[in-house]
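Q: Line by line, the protein sequences give chains B and P.
Okay, so the first sequence: first residue is 1 according to the working numbering, each after it adds one.
Okay, so the second sequence: first residue is 1 according to the working numbering, each after it adds one.
Using N, Cα and C, we set each Cβ at its ideal position, and we do this for glycine too.
The structure follows.
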Amino acid sequence: MGLVTDTGENKDAVLAAHADHRAIAALTQHLPDAIQNAKYDRTELTLTIARESIVAACRTVQAAGYNFLVDVTCVDWYPNQPRFQISYHILSHSLHQRIRFAVFVEEGDPAVDSITGVWPAANFYEREVFDLFGVRFGGHPNLRRLLMPEDYRGNPLRKDFPVEGYR
Amino acid sequence: MGNLLTAPTVVDSSEDRTMILNMGPQHPSTHGVLRLVLEIDGEVVVRVAPDIGFLHTGIEKTCEAKFYQQVVPLTDRIDYISPMHNNLCYCLAVEKLLQLEIPERAQWLRVLLSELTRLNSHLVWLGTHAMDIGALTVFLYCFREREQILRLFDDLAGQRMMTSYFRIGGVALEPPLDFYDRTRAFLKTLPEKIDEYEDLLTGNRIFIDRTKGVGLLSREDAISLGVTGPPLRASGVDWDLRRDMPYSGYEKFQFKVPVSTDCDVWARYVLRVQEMRESVKIATQALDGLPQGPIKADAPKIVLPDREAMKTQMEALIHHFKIVTEGFGVPAGEVYQAIESSRGEMGYYVVSDGTAKPYRVHMRNPTFATLQAIEKMCVGRLIADVVAAVGSIDIVLGEIDR
Numbered sequence: 001m002g003l004v005t006d007t008g009e010n011k012d013a014v015l016a017a018h019a020d021h022r023a024i025a026a027l028t029q030h031l032p033d034a035i036q037n038a039k040y041d042r043t044e045l046t047l048t049i050a051r052e053s054i055v056a057a058c059r060t061v062q063a064a065g066y067n068f069l070v071d072v073t074c075v076d077w078y079p080n081q082p083r084f085q086i087s088y089h090i091l092s093h094s095l096h097q098r099i100r101f102a103v104f105v106e107e108g109d110p111a112v113d114s115i116t117g118v119w120p121a122a123n124f125y126e127r128e129v130f131d132l133f134g135v136r137f138g139g140h141p142n143l144r145r146l147l148m149p150e151d152y153r154g155n156p157l158r159k160d161f162p163v164e165g166y167r
Numbered sequence: 001m002g003n004l005l006t007a008p009t010v011v012d013s014s015e016d017r018t019m020i021l022n023m024g025p026q027h028p029s030t031h032g033v034l035r036l037v038l039e040i041d042g043e044v045v046v047r048v049a050p051d052i053g054f055l056h057t058g059i060e061k062t063c064e065a066k067f068y069q070q071v072v073p074l075t076d077r078i079d080y081i082s083p084m085h086n087n088l089c090y091c092l093a094v095e096k097l098l099q100l101e102i103p104e105r106a107q108w109l110r111v112l113l114s115e116l117t118r119l120n121s122h123l124v125w126l127g128t129h130a131m132d133i134g135a136l137t138v139f140l141y142c143f144r145e146r147e148q149i150l151r152l153f154d155d156l157a158g159q160r161m162m163t164s165y166f167r168i169g170g171v172a173l174e175p176p177l178d179f180y181d182r183t184r185a186f187l188k189t190l191p192e193k194i195d196e197y198e199d200l201l202t203g204n205r206i207f208i209d210r211t212k213g214v215g216l217l218s219r220e221d222a223i224s225l226g227v228t229g230p231p232l233r234a235s236g237v238d239w240d241l242r243r244d245m246p247y248s249g250y251e252k253f254q255f256k257v258p259v260s261t262d263c264d265v266w267a268r269y270v271l272r273v274q275e276m277r278e279s280v281k282i283a284t285q286a287l288d289g290l291p292q293g294p295i296k297a298d299a300p301k302i303v304l305p306d307r308e309a310m311k312t313q314m315e316a317l318i319h320h321f322k323i324v325t326e327g328f329g330v331p332a333g334e335v336y337q338a339i340e341s342s343r344g345e346m347g348y349y350v351v352s353d354g355t356a357k358p359y360r361v362h363m364r365n366p367t368f369a370t371l372q373a374i375e376k377m378c379v380g381r382l383i384a385d386v387v388a389a390v391g392s393i394d395i396v397l398g399e400i401d402r
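Here it is as C-alpha cells:
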C-alpha cells in the first residue's frame, strides 16, 4: 500500500510520499487548494482542510471510495489560535483505509459548514460538538443541544470550563 | 387509514390528526433512559425523535483530568455490559500513541476475554430483547449462562462487571490456575445452550411474526447513517473489523462473519446468534493456542512492576513510585483506534500534548450512531414495532450519553 513512510507534519513531503493514496490523489486533482497541511503519523493520515472547502472535500473523497463517516469531534487548543480543531474520521469499506480531516476554526467565529448533506450520520455528531464546544454548523437541519439540558449555559468540553463545573 | 371502501366520506383536513406520545425515559423496553418522542396517527408511527442525555456524566471531560492509566477504570463505566471492549480499545489507542509492542500472550488473553465479553453482551441482549417482545423464559436461560461468565470474570479480576482487567501495556494479572479449565468447560457446554435458546425462539410463530419484516433498514441508509456491527451486517454489508482491519492479533484466528440481506429485526437476531457460535470458536482457539511468556510489555517506565519486584528491587520501587505519583508522558500526537465491539465499531480518539494526562479522549460508540437510524426503522409501523426495533439495535444508554 506504500503507506509505511512516516513523514511527520510536512505538507509537500507527505503529499509526495503518498501520491498514490486514493484520497490524496482525488483531492489534489479536484480540489488542489483545499489541502492546507498534511500529516502522516503513527500510520494515520491527517489532512488539514480549508474551512470553506470541507463539504466539497467530503464529497470528493466520498466519490473516491471513502463511503463511511465514522466520527466527527472537536479538540479545543485554548489558549492557542486557531482555537478549535474539528476532526472528521472517514472510512473506506472497499480500500480498508481510514483518513482524518481536520478543520481549524477561530474562537471569534466558531462556525463551519455542516456535512449532513453528504453523510446524514453527521447529524448527532455535529449536534454533540455544538453542545459541548459551542461550534456552529451552518446548514445543519436541527442544530440543538444533544446531551446537556436545552436551557444550559456554557460548553462543558471547552478547556476554560472547570472540570468540577461552575459553582 | 383504514379500508377505503367503508371509510366515512368526511375528509379530515385538520392539522391535528396526529398526536405526540412520549416513550420513556422510564419505559422498560428502552434499556435505560432513552426518551423517544413519537408522533402517531392512530397506532401508526409518523415521526420518531430520540431525546438522549439523561445519563450524561461528562466522562470525556473527566478523562482530561486523570493520568493515562487512571482513565482505564472510567472506560468500564461507559458500557456496563461489555466493559472489556472499552478497556481494550482505550489501551490499544494509548499503546499506539506510545508505539508500544504488546507480548503475544497478553494479546491472546485479550482476544479470549473480548470474545467472552461479546458472549456476555449478546446473552444480555438476547434475553432482554426476547423479553421486550414477550418471550420471558429466554431471559432466565440467558442470565443463567451469563452468570457463569461473570463468575469467571470475578475470579480473574476480582470484579464481576467493572473488571478494568486490560491495562496499558498488557493485562493486570496472570489468570488463576483453574481459570482455563473452567473457561474451557463453559465454552464446551455453551453451543448446546444456544441450541436451547434457538428452540425457544427460532421456530416460535409469535417471535417470527413480531420480528420478520419489522424495522427495515436498507443497505444505503445503514451506510449513510453510520450504522455498524450486527445491524450493518444484517443490511447486507460484509464488514467486520476483526477480519477486515485486524487488531490485537485477530488475524491469527479463523472465524466466519455472518451476513444477511433481510435488513430486518429477525436478521439481526439470527446474526447475533450465529456470532455467538463464532465467538465460542474464537475463544476456544485462543485457549488452545495460548502462547507462553510475559503478560505485560517490557516497558518499566509505563507498566507497573510486579509486587514482588517492587518490594525487593530499588529500580522497580522508583519506577512504581514515579508512575503512581507522576504518571508517564506520552509523545504528542493524535490516534484513532477502532475495534469491533459487540454492538459495532467502537473507536477511541486520543490526543496527546506530551504530558502525563490525555489532552482529549473521545469515544465513538456504536449505538450513538445506530440510534439515528431508528426513525428509518419505525416510520409507518405500529408502536409495538418500535419496541422490537429499539431492542434489535442493542441499545446501551451508558455509551450513548457517556
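Determine the DSSP secondary structure at G333 (chain P), reduced to helix, strand or coil.
A: Looking at G333 (chain P) - three-state DSSP - the assignment turns out to be strand.
Q: With DSSP as the reference, label R243 (chain P) as helix, strand or coil.
A: Note: R243 (chain P) maps to helix in three-state DSSP.
Q: Could you please tell me which residues of the region 64-94 of chain P, in chain order, have their CB closer than 8 Å to any CB of chain B?
A: Listed in sequence order: E64 and A65.
Q: Of the choices P:R381, P:G380, P:R402 and P:L371, whose alpha-carbon is the least far from that of G391 (chain P)?
A: Ranking P:R381, P:G380, P:R402 and P:L371 by Cα distance to G391 (chain P) puts P:L371 first.
Q: Answer with buried or exposed for H96 (chain B), where buried requires no fewer than 16 other C-beta atoms within 10 angstroms of its C-beta.
A: Its Cβ having fewer than 16 others within 10 Å, H96 (chain B) is exposed.
Q: Quick check on this structure: which residue in P:D16, P:P176 and P:A389 has the alpha carbon closest to the alpha carbon of K212 (chain P)?
A: When each option's Cα is compared against that of K212 (chain P), the closest is P:A389.
Q: Determine the direct distance from the alpha carbon of L271 (chain P) to that of Q254 (chain P), and round the result to whole angstroms.
A: So the two alpha carbons sit approximately 18 Å from each other.
Q: Between L216 (chain P) and chain B, is the shortest Cβ-Cβ distance under 8 Å, so that the two count as touching?
A: Not an interface residue.
Q: Quick check on I78 (chain P): buried or exposed, where buried means 16 or more other Cβ atoms within 10 Å of its Cβ?
A: By the neighbour-count rule (16 or more Cβ atoms within 10 Å), I78 (chain P) is buried.
Q: Can you find at least 3 beta carbon pairs, one from the region 230-244 of chain P and one from the region 199-210 of chain P, that sit closer than 8 Å?
A: Flag = no, the region 230-244 of chain P and the region 199-210 of chain P do not touch.
Q: Just curious, the beta strand (DSSP E) that P50 (chain P) is in, first and last residue?
A: That run of the beta strand (DSSP E) goes V44 to D51.
Q: R100 (chain B) and S92 (chain B): beta carbons closer than 8 Å?
A: No. Outside cutoff.
Q: Cα-Cα, which of P:S164, P:G229, P:D221 and P:K61 is closest to P73 (chain P)?
A: Comparing Cα-Cα distances from P73 (chain P) to each of P:S164, P:G229, P:D221 and P:K61, the minimum goes to P:S164.
Q: Report the rounded CA-to-CA distance for W125 (chain P) versus M310 (chain P), giving the unit in angstroms.
A: Cα-Cα distance, rounded: 43 Å.
Q: Please confirm if T116 (chain B) has its CB atom under 8 Å from at least one CB of chain P.
A: It does not: the Cβ of T116 (chain B) has no partner Cβ on chain P nearer than 8 Å.
Q: Which chain B residues are close to H27 (chain P), counting only those with a beta carbon under 7 Å from its beta carbon?
A: Under the 7 Å cutoff, chain B gives no residues; its nearest Cβ is about 20 Å from H27 (chain P).
Q: For V237 (chain P) and E345 (chain P), I'd like the C-alpha separation in whole angstroms.
A: Distance between the alpha carbons of V237 (chain P) and E345 (chain P) is about 14 Å.
Q: Comparing C-alpha positions only, which one of B:I90, B:L15, B:G138 and B:Y152 sits nearest to L225 (chain P)?
A: When each option's Cα is compared against that of L225 (chain P), the closest is B:I90.
Q: H56 (chain P) to D401 (chain P), Cα distance in whole Å?
A: Those two C-alpha atoms are separated by around 5 Å.
Q: With DSSP run on the structure shown, which of helix, strand or coil describes G210 (chain B)?
A: Summary: the structure shown does not reach residue 210 (chain B), with chain B confined to residues 1 through 167, and so no result is reported for it.
Q: Would you check if the region 59-74 of chain B and the region 15-25 of chain B touch, i.e. whether three or more CB-CB distances between them fall below 8 Å?
A: Counting Cβ pairs under 8 Å, three or more are found: they touch.
Q: CA-CA distance, Y349 (chain P) and A93 (chain P)?
A: For Y349 (chain P) and A93 (chain P), the distance between alpha carbons rounds to 7 Å.
Q: Note the first and the last residue of the continuous alpha helix (DSSP H) segment covering S279 (chain P).
A: Unbroken alpha helix (DSSP H) run through S279 (chain P): V265 to D288.
Q: Give the range of the beta strand (DSSP E) segment to which N22 (chain P) is assigned.
A: Taken as a continuous stretch (DSSP letters only), the beta strand (DSSP E) holding N22 (chain P) covers M19 to M23.
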